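Undergrad: Structure incoming, see below.
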Amino acid sequence: MLLVTLLVIAPNFMTEFRLSLLAKYLTFAILALGIDLIWGYAGILSLGHGVFFGLGAYSMAMHLKLVASDGALPDFMSWSGVESLPWFWMPFESAVFALAAAVVLPMLLAGALGYLTFRNRIRGAFFSILSQALVLIIVTLFIGRQGFTGGTNGLTNFHSFLGFNLNDTSTKIALYYVVLLLLGLVYLLGRLAVRGRFGRILTAIRDGENRVRFLGYDPVAYKVFVFSLSGGLAGLAGILFVLLEGIISPAQMGIVPSIEMVLWVAIGGRGTLAGAVFGALLTNWAKTSFSESFPEGWLFFLGGLFVIVVLFLPRGIVGVWTDVIRWTSERRGSRGKTAAGSGGSGVGGDGTGAGSSVGHAG
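In structure tokens, the structure reads:
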């Protein structure tokens, strides 16, 4: 509750620049929640979520670029020799279509990949390698088709969305609260999902998929659904990222960002939704702080943080915190039992003494 309160009142004491950074971190937390659902609860380690994030971001950016072009051909297309707007760009003139596509397209791609792999019982490291291969294919495609995607430069120079100027302070504050609200909704829905029957089945699939299959459940259906849902959350994060940052490029959806997304969850504590949120906020804050304070060696500090967590905190920060709370509760419980036992002995002793006195009196 303290963290929620601080996030709600953050615009009152943070500068515009720091508030924009915090909003970006919250956007990454939505993405981390999606990864935690598939990795922490279903045991699916995806190293290619940058693709789903990028598809959502590019879908939103295409609409923003068309709005900024004001009916003319986007500038990067003119530079690349494209003479007319490609047919697949035309539907993105609609903001509704762009918003829907930014979530649906990642879900469809994740569902197709999940169905083809899970149906053939490909899992573990093999699935992780396939997800990385998907990243290489998509990134290479986006870089190679410069006339349609902007190439390595990506898409940028956006001005407005739904008539609101993206550079205005009021718009940035409003976007911050939109991100915070969506993060809260996603977190609550995730809590409801993992605490119910659906979450128990996901955990059972993670711990013993064959046993779940023998019990009459179809693990493929559950894994495809949760993987598609995770892809949709990554697409949602991509929408918000573009609105906040004003740029998207293939570099932000490559292998390195995809691995960093997994590290957010690992540092916070996988299998704990709060850990995913905390890990995304802490890791990105540390990345910014180290790069500002130690511009020449910040990567060493960040790498050291990763090594410490992997070696000494395998359950993540929230996992360790949970263990401390459980250990403290057990200590208090044992002390209470000891005190109760001591009190019982005292009563018994008094009773014996009283009995003896009565006997002597008789």
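Residue numbers 277 to 638, in this note's numbering, belong to the letters of the sequence shown in order.
Note that CB positions come from ideal geometry on N, CA and C, so glycine has one too.
It should be emphasised that the depicted structure is a prediction, and the values quoted were computed from it without experimental measurement.
Hey, Thr428 and Ile419 are a contact pair by Cβ (cut 8 Å); roughly how many whole angstroms apart?
TA: Thr428 to Ile419, Cβ: 6 Å. Contact.
Undergrad: Ile398 lies in the alpha helix (DSSP H); which residues open and close that run?
TA: Counting along the chain, Ile398 falls outside any alpha helix (DSSP H), and DSSP gives it neither H nor E.
Undergrad: Give the range of the alpha helix (DSSP H) segment to which Thr303 is assigned.
TA: Its alpha helix (DSSP H) spans residues Glu292 to Asp312.
Undergrad: In its own chain, which residues sit with a C-beta less than 8 Å from the C-beta of Leu581, not counting the 5 before and 5 after it?
TA: Around Leu581: Ile543, Thr559 and Ala562.
Undergrad: Using the three-state DSSP reduction, which class does Ile515 fall into: helix, strand or coil?
TA: Looking at Ile515 - three-state DSSP - the assignment turns out to be helix.
Undergrad: Please name the residue, chosen from Met529, Phe424 and Ile601, that lies closest to Ala513 on a Cα-to-Cα basis.
TA: Nearest C-alpha to Ala513: Met529.
Undergrad: In the DSSP assignment, what residue or residues form a beta bridge with Asn288?
TA: Answer by DSSP bridge pairing: none, since Asn288 is not bridged.
Undergrad: Note the first and the last residue of the continuous alpha helix (DSSP H) segment covering Asp237.
TA: Missing from the structure shown is residue 237; the chain here goes from 277 to 638 and no further.
Undergrad: To which residues of the same chain is Gly466 closer than 6 Å at the C-beta, ignoring the five residues directly before and after it?
TA: The answer, listed in chain order, is Leu309 and Leu549.
Undergrad: Determine whether the beta carbon atoms of Met639 and Gly508 lie at a separation below 7 Å.
TA: There is no way to answer for residue 639, as the model of the chain reaches only from 277 to 638.
Undergrad: Just to confirm, is the Cβ distance from Met366 to Ile515 under 7 Å?
TA: Not in contact: Met366 and Ile515 (Cβ atoms no closer than 7 Å).
Undergrad: Quick one: Cα of Phe517 to Cα of Leu302, how far?
TA: Roughly 10 Å separates the two Cα atoms.
Undergrad: DSSP state of Ile584, grouped into three classes?
TA: Reduced to three states, the DSSP call for Ile584 is helix.
Undergrad: List the DSSP bridge partners of Ile524.
TA: The partner list for Ile524 (beta bridge, DSSP) reads Leu431.
Undergrad: Measure the C-alpha to C-alpha separation of Val594 and Gly357 and round it to an integer number of angstroms.
TA: About 52 Å.
Undergrad: With 16 as the cutoff for other CB atoms within 10 Å, does Val280 come out buried or exposed?
TA: Looking at its Cβ environment, which holds fewer than 16 other Cβ atoms inside 10 Å, Val280 is exposed.
Undergrad: Work out the CA separation of Asn486 and Phe576 for me, nearest whole Å.
TA: So the alpha carbons of these two residues sit roughly 42 Å apart.
Undergrad: Starting from Gly544, follow the alpha helix (DSSP H) in both directions and report where the run begins and ends.
TA: Element bounds for Gly544: Ile531 to Gly544.
Undergrad: Taking C-alpha atoms, which residue in His435, Val586, Trp597 and Ile449 lies nearest to Leu283?
TA: Minimum Cα distance to Leu283 is reached at Ile449.
Undergrad: State buried or exposed for Gly609, treating a residue as buried only when at least 16 other CB atoms are found within 10 Å of its CB.
TA: Per the 10 Å Cβ criterion, exposed.
Undergrad: I'd like the ranges of any alpha helix (DSSP H) spanning at least 4 consecutive residues and lying wholly in the region 402-475.
TA: Here the runs fully enclosed are 422-425 and 445-471.
Undergrad: Counting beta carbon pairs with one atom in the region 436-453 and one in the region 518-526, are three or more of them shorter than 8 Å?
TA: Because the criterion of three Cβ pairs below 8 Å is met, the region 518-526 and the region 436-453 touch.
Undergrad: Taking three-plus beta-carbon pairs below 8 Å as touching, is the region 284-292 in contact with the region 469-479?
TA: No, because fewer than three Cβ pairs between the region 284-292 and the region 469-479 fall closer than 8 Å, the two stretches do not touch.
Undergrad: Per DSSP, what kind of secondary structure is Arg606 in: helix, strand or coil?
TA: Sequence inspection shows Glu at residue 606; the Arg mentioned does not correspond to that position. Here Glu606 sits in helix by DSSP.
Undergrad: By DSSP, does Val280 sit in helix, in strand, or in coil?
TA: The answer is helix: DSSP assigns Val280 an H, G or I state.
Undergrad: Helix, strand or coil: how does DSSP classify Trp363 here?
TA: If DSSP states are grouped into helix, strand and coil, Trp363 belongs with coil.
Undergrad: I'd like the list of long-range same chain contacts for Leu451, defined as Cβ closer than 7 Å, with 5 residues on each side in sequence excluded.
TA: The residues are Ala299, Leu519 and Leu520.
Undergrad: Counting C-beta neighbours from all protein chains within 10 Å, is the total for Ile285 16 or more, i.e. buried, or is it exposed?
TA: When all chains shown are included, Ile285 counts as exposed.
Undergrad: Cutting at 6 Å between CB atoms, please list the residues of its own chain near Ser506, excluding the five before and the five after it.
TA: So the qualifying residues of the chain are Gly310, Leu313 and Ile314.
Undergrad: At 4 residues or longer, and completely inside the region 473-502: list those alpha helix (DSSP H) runs for me, N to C.
TA: Fully enclosed alpha helix (DSSP H) runs of 4 or longer: 473-490.
Undergrad: In the structure shown, what three-state DSSP assignment does Ile601 receive?
TA: Three-state DSSP puts Ile601 in a helix.
Undergrad: Three-state secondary structure (DSSP) at Thr548?
TA: Residue state, collapsed to three classes: coil.
Undergrad: Rounded to whole angstroms, how far is the Cβ of Ala556 from the Cβ of Phe304, which I believe are closer than 8 Å?
TA: Ala556 to Phe304, Cβ: 4 Å. Contact.
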